[in-house]
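Colleague: Position 115 of the sequence shown, counting from 1, maps to 110 under the working numbering, and the rest follow consecutively. All C-beta atoms, glycine included, are put in the ideal place defined by N, C-alpha and C. Note that the structure is predicted; figures quoted are calculated from it, not measured.
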Amino acid sequence: MSDAKSSTSDSAFWRFSLRLYALPEVAPACLTLQDEAKVDVNLLLFLLFLADSGRAVTRDDVARLDASIAPWRSEVVEPLRAVRRQLKIGVGDISPAASESLRNMVKKVELEAERLEQGRLENQAEKLGKPAARADAARTNLAAYAEHLGGLPAGPRGVVLAAFSAQKP
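#1: By how many angstroms is the C-alpha of L147 removed from the C-alpha of D61?
#2: Less than 8 Å separating the beta-carbons of L97 and L82?
#3: Can you give me the C-alpha to C-alpha distance between A138 and D35, rounded to a whole angstrom?
#4: Which same chain residues end up closer than 8 Å to K33 when comparing Cβ atoms and leaving out the 5 residues on each side of it in sequence?
#5: Rounded to the nearest angstrom, what separates S69 and F44 at their Cα positions?
#6: Return the CA-CA distance between E73 and A127, expressed in angstroms with no decimal places.
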């Protein structure tokens, strides 16, 4: 992922993601979407990042974006997430308390993998989207993602949209 020019913490997308994800109820809603609907939270946040600048995308755009990050997600991010989650409950005779230090290291590596994925997405931002009002773009972008995935649970999707809408542009 050497082409991820925006993989550092000074990335506009990274800052946007941290702000939105930190809002009340957003993180649990995103994790529910991830676990129940196979949402890639970075892609979800990217679609809202595009909407924040008034750009709406199509289902085909979402499919292309998803395909561009799918190998990284499946070969790097998801295995790291699985290891981190397993360490939280313990592995064999090694308790969660004994492996907490390792779990924290894996969490840092997973976060860096997420940041690299975001850089890949952000590199594609300039050529995406048709002009639309911010709120309309957010609804359109999440609808396109829902269509791509075959649906999104309404409750968590609504939480994320409401939090996005409540933020000032």
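Modeller: For this structure:
#1: Position 66 of the sequence shown holds residue 61. Position 152 of the sequence shown holds residue 147. Going by the C-alpha atoms only, they are around 15 Å apart.
#2: As a first step, residue 97 is located in the sequence shown; it is residue number 102 there, counting from the start. As a first step, residue 82 is located in the sequence shown; it is residue number 87 there, counting from the start. It is a contact, given that the beta carbons lie within the stated cut-off.
#3: Indexing the sequence shown from 1 puts residue 138 at position 143. Indexing the sequence shown from 1 puts residue 35 at position 40. Computed Cα separation, rounded: 15 Å.
#4: Your numbering for residue 33 matches position 38 in the sequence shown. Excluding sequence neighbours, K33 sits near L144.
#5: Taking the first residue of the sequence shown as 1, we reach residue 69 at position 74. Taking the first residue of the sequence shown as 1, we reach residue 44 at position 49. Looking at the two C-alpha atoms, the distance is approximately 23 Å.
#6: By 1-based counting over the sequence shown, the position of residue 73 is 78. By 1-based counting over the sequence shown, the position of residue 127 is 132. If I take the Cα positions, the gap works out to 33 Å.
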